[in-house]
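In this note's numbering, the protein residues as written are 2 to 296.
All C-beta atoms in this analysis are idealised placements derived from N, C-alpha and C, irrespective of residue type, glycine included.
Please read these numbers as outputs of a predicted model, since none were measured by experiment.
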Ligand SMILES: C[S@@+](CC[C@H](N)C(=O)[O-])C[C@H]1O[C@@H](n2cnc3c(N)ncnc32)[C@H](O)[C@@H]1O
């Protein structure tokens, strides 16, 4: 039968199901068709990757066939695969992804890398970490996973994000070292931190309508819209940093494309020092690292 039109039936072997999925996704222009097909099969069958490979003729059940068909239909209608399967890998973690909360991106791992580089040996200290606009908890939880003695706070204005970050902390065994709080950026915080990270909304309002459909239709506006020049959240966050940062502390902010100069200028005007600018795998200046000047 023509694989481009095949649907899922009970009894189809895993290898065949994989082929049907990848062909249909590739024909629809999905760039990572095979990777996405694999993720759908793993999530729908609850099998480990090794089992998927070692049991090519294991037949899919009626429930799995139904799930795969509905997931394929949703993917072909433009929904991102992570939202369909409800989970994604971020750094060393498996995070649940849910409606009304930003689906964390691979580029955001650049912020984790930059923070860990700057911390060096200090990552084993009893650090206090703050994540402003924590969303799914991605940044805070990745840092807690790498810094075994650290504790942290994640803040978000969205109650859905706070609920999801709390669930992700639990899912990854990090709940005892983190607190997730609803709130507006740093309002009401009275302590100082060793590490502050943030991936704030940074898209210019006027360009929001032109975003890719997968982003515009599925990620929440609260997580994306950075105001007229995309810098509203940076202004608020940077103004709060001097009183929130310990003298030896570090800050790492995620940047939108082309924002490095403008955000550096805001930080310098607030008395902070730019110590590193790190590019993501696509070559975009993605992570801006700041400290307090010595003396
Ligand atoms: C770009 S998302 C980043 C989410 C997550 N940190 C990540 O990297 O995947 C920005 C987050 O900031 C939150 N946010 C927007 N405005 C806020 C505000 N005024 N105070 C606190 N959080 C806010 C949004 O709800 C969203 O979760």
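Count the other CB atoms within 10 Å of the CB of residue i; is the residue buried (16 or more) or exposed (fewer)?
i           : result
residue 222 : exposed
residue 197 : buried
residue 253 : buried
residue 41  : buried
In three-state terms, what does DSSP make of residue i?
i           : result
residue 61  : coil
residue 183 : strand
residue 80  : coil
residue 293 : coil
residue 158 : coil
residue 52  : helix
residue 243 : helix
residue 13  : coil
residue 250 : strand
residue 265 : helix
residue 228 : coil
Excluding sequence positions up to five away, which residues of its chain have a Cβ less than 7 Å from the Cβ of residue i?
i           : result
residue 73  : 22, 25
residue 147 : 117, 124
residue 27  : 34
Please confirm whether any heavy atom of ligand 1 lies closer than 7 Å to the CB of residue i.
i           : result
residue 162 : yes
residue 200 : yes
residue 185 : yes
residue 228 : no
residue 253 : no
residue 135 : yes
residue 289 : no
residue 167 : no
residue 81  : no
Short of 8 Å in beta carbon distance, which residues of its chain neighbour residue i, apart from the five on each side in sequence? Order them along the chain.
i           : result
residue 216 : 225
Given residue i, which residues of its chain have a CB within under 6 Å of its CB, disregarding the five upstream and five downstream residues?
i           : result
residue 233 : 227
residue 292 : 251, 274, 276
residue 200 : 109, 255
* Asked: Looking at C-beta atoms only, is the number of pairs between the stretch 223-238 and the stretch 92-100 that lie closer than 8 Å three or more?
  -> Remark: fewer than three beta-carbon pairs, one from each stretch, lie closer than 8 Å, so the stretch 223-238 and the stretch 92-100 are not flagged as touching.
* To do: Kindly confirm or deny that the stretch 55-73 and the stretch 183-193 touch, where touching means at least three C-beta pairs closer than 8 Å.
  => no
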